[in-house]
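Novice: Chains as they are written, first to last, in the working numbering: chain A, 511 to 761; chain B, 118 to 409. All C-beta atoms, glycine included, are put in the ideal place defined by N, C-alpha and C.
1. Can you find a C-beta in chain B that's less than 7 Å from the C-beta of residue 514 of chain A?
2. Secondary structure at residue 554 of chain A, three-state DSSP: helix, strand or coil?
3. Counting Cβ pairs closer than 8 Å, one from the segment 353-369 of chain B and one from the segment 325-345 of chain B, do we hit at least three?
4. Tell me whether residue 562 of chain A sits in a helix, a strand or coil according to DSSP, three-state version.
5. Based on Cα-Cα distance, which residue from A:552, A:547, A:567, A:548 lies nearest to residue 530 of chain A?
6. Would the segment 689-699 of chain A and the segment 580-596 of chain A be scored as touching if the rule is three or more Cβ pairs under 8 Å?
7. Which same chain residues, not among the five before or five after residue 613 of chain A, have their C-beta less than 8 Å away from its C-beta?
8. Along the segment 196-228 of chain B, what residues have a CB closer than 8 Å to any CB found in chain A?
9. Considering Cα atoms alone, identify which of B:215, B:132, B:122, B:129 is closest to residue 521 of chain A.
10. Sorted by chain position, which residues of the same chain lie with C-beta nearer than 8 Å to residue 370 of chain B's C-beta, five sequence neighbours on each side aside?
11. Quick one, which of B:397, B:352, B:195, B:399 has its alpha-carbon nearest residue 376 of chain B's?
12. Which chain B residues sit within Cβ distance under 7 Å of residue 581 of chain A?
13. State the DSSP-derived secondary structure class of residue 309 of chain B, mapped to helix, strand or coil.
14. So, is the C-beta of residue 744 of chain A closer than 7 Å to a C-beta in chain B?
15. Measure the C-alpha to C-alpha separation of residue 513 of chain A and residue 528 of chain A and round it to an integer number of angstroms.
16. Which term fits residue 533 of chain A, buried or exposed, when burial requires 16 or more other beta carbons within 10 angstroms of its beta carbon?
17. Run down chain B in chain order and give the residues with a C-beta less than 7 Å from the C-beta of residue 668 of chain A.
18. Strictly below 7 Å CB to CB, what residues from chain A border residue 384 of chain B?
19. Is the shortest distance between the beta-carbon of residue 188 of chain B and the beta-carbons of chain A less than 7 Å?
20. For residue 129 of chain B, does the three-state DSSP call read helix, strand or coil?
21. Closest to residue 736 of chain A by C-alpha separation, out of A:643, A:685, A:556, A:603, would be which residue?
22. At the 7 Å Cβ level, is residue 554 of chain A part of the contact set with chain B, yes or no?
23. 7 Å is my cut-off, CB to CB: does residue 163 of chain B come that close to chain A?
24. Counting only Cβ pairs nearer than 9 Å, list the residues of chain B close to residue 677 of chain A.
25. Counting pairs of Cβ atoms below 8 Å between the segment 257-271 of chain B and the segment 233-249 of chain B, do you hit three or more?
26. Going by the DSSP bridge assignment, what does residue 615 of chain A pair with across the sheet?
27. Just mark residue 201 of chain B as buried or exposed, buried being the case when its beta carbon has 16 or more other beta carbons within 10 Å.
28. Anyone know if the C-beta pair for residue 684 of chain A and residue 744 of chain A falls short of 7 Å?
29. Which residues in the same chain have their Cβ closer than 7 Å to the Cβ of residue 131 of chain B, if we skip the five residues on either side of it in sequence?
30. Distance check for residue 754 of chain A and residue 267 of chain B, CA to CA, integer angstroms please.
31. Round the Cβ separation of residue 714 of chain A and residue 728 of chain A to the nearest angstrom and send it over; I've been treating them as touching at under 8 Å.
32. May I have the straight-line CA-CA distance separating residue 393 of chain B from residue 400 of chain B, to the nearest angstrom?
33. Where does the unbroken beta strand (DSSP E) through residue 710 of chain A begin, and where does it stop?
34. So which residues of chain A does residue 282 of chain B contact, with C-beta pairs closer than 9 Å?
35. Rounded C-beta distance between residue 712 of chain A and residue 726 of chain A? I'm assuming under 8 Å.
36. Residue 527 of chain A versus chain B: which residues are under 8 Å apart at the beta carbon?
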């Protein structure tokens, strides 16, 4: 069973799905932060399965859609990275209020790994951060989005030069605010270093490049996610699910 | 959750709460009875209720601005609705629809329904519209359609034009071709299964198509069909759907749109905006009221 609701600021209510523990309550809250843009849809199914699995292990689980994405409110063009970092802190607080847990674990996927680490530095109660294929840094992530934008545009042969020029200002088909772009560029991988290494676990798939989180415990799962080339295929890999579940449930 | 124009209510409904959806209730609707139709967005392929590139969320909220309520729902086995064991896909969709229409009635009272779906979602819209007298509208995004007599000839002309265009500007097409070949090589080396979340579909028959259109016409309802480049393998001319179905009064209550340069999942924001505007404009026209 699960319970869906909206919470947070009136102008950008955040959608959340709460999965209470199915068996003996382990007094642990896990907040699942999905990846952004096209990767959100690709991972929705596996992250839901992960939430169900963690609840069956006795955890309280809260899945959120970042403001301006999924079922949440907010206009992407008006949002900043700080709003998303705040979303995580609000979700942790909401999850703690709901569950009464003090021990908190957070899963960040791709770019939300950066956001989760940034948010975790403002909270004292996060005991573990699990990062699935974390992006290297904000600038590299924007470059990857821009490359994907070019690849997608290549399929749209009919567009005129002016239209192409306009669309190339977007990132993976989404128009982002100047504030968000600036903040992304300011996001270097030092944010990973700001989290104590003993709190970090990384789940890395075979398609991931060099690990941006030095010194963290790493769990390699052989599965090609094709983050940069496949914009629509769902990721339904059992090994990835097991890898994530293991990192979030082990003592 | 509520804002100036709408309230959104997450709903867990059906037997044992087996289905999940989000009801968008417009705060600007008039108190006149009977009520305007409520839209139901059916999931596309394996994509959950937000739709491709979040299109259903945006549509739901923009429809609310003009006083129209809607439900975007995860069919069993998709998103946050677990699968229905022991049922075939079509049995499962039919069982889901019984629950959907029931929850709509309990939440909104008796109101006519417009069913909307993309790809496999459109296939389900067609099958479900036949038997529910409350369905007065269908929004079909890339529905199936039989080829008509002129299809083959038009396809040859279409391909020749496309080839000529590519030959004139090779610099624009070579990177695409190179990338496409590279992606295929990459995929062929991979042993894991990749699932295309939009193209799994069990198409309705021609008889079911005709029955759905006729049912909606008999209810004085309307149909909006939009075809993109995805449909080029079977559709290439505005009016083709009307010709192959041969439904009486088709021109009066059915609108066909053909966008051969638009991609199936509406990747570009300009294309998404264009589709949303078309649907909002279509929905704003008078719809039959349900007298219950």
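Specialist: Looking at the coordinates:
1. Numbered from its first residue, the first chain carries residue 514 of chain A at position 4. Yes - at least one Cβ of chain B is within 7 Å of the one on residue 514 of chain A.
2. In the first chain, the residue the question calls residue 554 of chain A occupies position 44. Here residue 554 of chain A sits in helix by DSSP.
3. Flag = yes, the segment 353-369 of chain B and the segment 325-345 of chain B touch.
4. Translated into positions along the first chain, residue 562 of chain A becomes position 52. Residue state, collapsed to three classes: helix.
5. Locating residue 530 of chain A in the first chain gives position 20, where the first residue counts as 1. Nearest of A:552, A:547, A:567, A:548 to residue 530 of chain A, Cα basis: A:567.
6. The segment 689-699 of chain A makes contact with the segment 580-596 of chain A: 3 or more CB pairs, one atom from each, lie closer than 8 Å.
7. For this step, residue 613 of chain A is matched to residue 103 along the first chain. The beta carbon of residue 613 of chain A is closer than 8 Å to those of 537, 538, 539, 635, 637 in its chain, skipping five residues each way along the sequence.
8. 196, 197
9. As a position in the first chain, residue 521 of chain A is number 11, starting the count at 1. When only C-alpha atoms are compared, the closest one is B:122.
10. Reading the second chain from its first residue, position 253 is the one you call residue 370 of chain B. Excluding positions up to five away in sequence, the list reads 333, 334, 337, 338, 339, 340.
11. The sequence position of residue 376 of chain B within the second chain is 259, counting from 1. Of B:397, B:352, B:195, B:399, the residue nearest in Cα terms is B:352.
12. Counting from 1 along the first chain, the entry for residue 581 of chain A is found at position 71. Neighbours of residue 581 of chain A on chain B, chain order: 139, 167, 174.
13. Translated into positions along the second chain, residue 309 of chain B becomes position 192. Bear in mind that the predicted position of residue 309 of chain B carries a pLDDT of just 45, short of 50, making it unreliable; the figure below should be weighed with that in mind. Correct three-state label for residue 309 of chain B: coil.
14. On the first chain, position 234 is the one that residue 744 of chain A refers to. Closer than 7 Å to some Cβ of chain B, the Cβ of residue 744 of chain A qualifies, so yes.
15. Taking the first chain and counting its residues from 1, one reaches residue 513 of chain A at position 3. Taking the first chain and counting its residues from 1, one reaches residue 528 of chain A at position 18. In a straight line, the C-alpha of residue 513 of chain A is about 5 Å away from that of residue 528 of chain A.
16. Counting from 1 along the first chain, the entry for residue 533 of chain A is found at position 23. The residue is exposed, with fewer than 16 neighbouring Cβ atoms inside 10 Å.
17. The residue given as residue 668 of chain A occupies position 158 in the first chain. Within chain B, the residues near residue 668 of chain A are 378.
18. Locating residue 384 of chain B in the second chain gives position 267, counting from the first residue. Per Cβ cutoff of 7 Å: 662, 683.
19. The residue labelled residue 188 of chain B in the question sits at position 71 within the second chain. No - not a single Cβ of chain A is within 7 Å of the one on residue 188 of chain B.
20. Here residue 129 of chain B refers to the residue found at position 12 when the second chain is read from its first residue. Taken through DSSP and simplified to helix, strand or coil, residue 129 of chain B comes out as strand.
21. Sequence index remark: in the first chain, residue 736 of chain A carries index 226 (1-based). For residue 736 of chain A, the nearest C-alpha among the options comes from A:643.
22. Stepping through the first chain from its first residue, residue 554 of chain A is reached at position 44. For residue 554 of chain A, the answer is yes, since a Cβ of chain B falls inside 7 Å of its Cβ.
23. Locating residue 163 of chain B in the second chain gives position 46, counting from the first residue. Judged by the 7 Å Cβ criterion, residue 163 of chain B is in contact with chain A.
24. Translated into positions along the first chain, residue 677 of chain A becomes position 167. By Cβ distance, chain B contributes 385, 386, 387.
25. Because the criterion of three Cβ pairs below 8 Å is met, the segment 257-271 of chain B and the segment 233-249 of chain B touch.
26. In the first chain, counting from the first residue as 1, residue 615 of chain A sits at position 105. According to DSSP, residue 615 of chain A bridges with A:540, A:638.
27. Residue 201 of chain B sits at position 84 when you count from the first residue of the second chain. It counts as buried.
28. Along the first chain, one-based indexing puts residue 684 of chain A at 174. Along the first chain, one-based indexing puts residue 744 of chain A at 234. Against a cut-off of 7 Å, the Cβ pair of residue 744 of chain A and residue 684 of chain A comes out as no contact.
29. Reading the second chain from its first residue, position 14 is the one you call residue 131 of chain B. Excluding positions up to five away in sequence, the list reads 216.
30. Locating residue 267 of chain B in the second chain gives position 150, counting from the first residue. Locating residue 754 of chain A in the first chain gives position 244, counting from the first residue. The alpha-carbon atoms of residue 267 of chain B and residue 754 of chain A are separated by roughly 54 Å.
31. Counting from 1 along the first chain, the entry for residue 714 of chain A is found at position 204. Counting from 1 along the first chain, the entry for residue 728 of chain A is found at position 218. At roughly 6 Å, the Cβ-Cβ gap stays under 8 Å, so residue 714 of chain A and residue 728 of chain A are in contact.
32. As a position in the second chain, residue 393 of chain B is number 276, starting the count at 1. As a position in the second chain, residue 400 of chain B is number 283, starting the count at 1. In a straight line, the C-alpha of residue 393 of chain B is about 10 Å away from that of residue 400 of chain B.
33. Position 200 of the first chain, counting from 1, holds the residue named residue 710 of chain A. From DSSP, the beta strand (DSSP E) with residue 710 of chain A extends over 710-715.
34. Locating residue 282 of chain B in the second chain gives position 165, counting from the first residue. Those are 667, 668, listed as they occur along chain A.
35. Counting from 1 along the first chain, the entry for residue 712 of chain A is found at position 202. Counting from 1 along the first chain, the entry for residue 726 of chain A is found at position 216. Between residue 726 of chain A and residue 712 of chain A the Cβ distance is about 5 Å, and since that is below 8 Å, they are a contact.
36. Along the first chain, one-based indexing puts residue 527 of chain A at 17. Near residue 527 of chain A (Cβ distances below 8 Å), the residues of chain B are 197.
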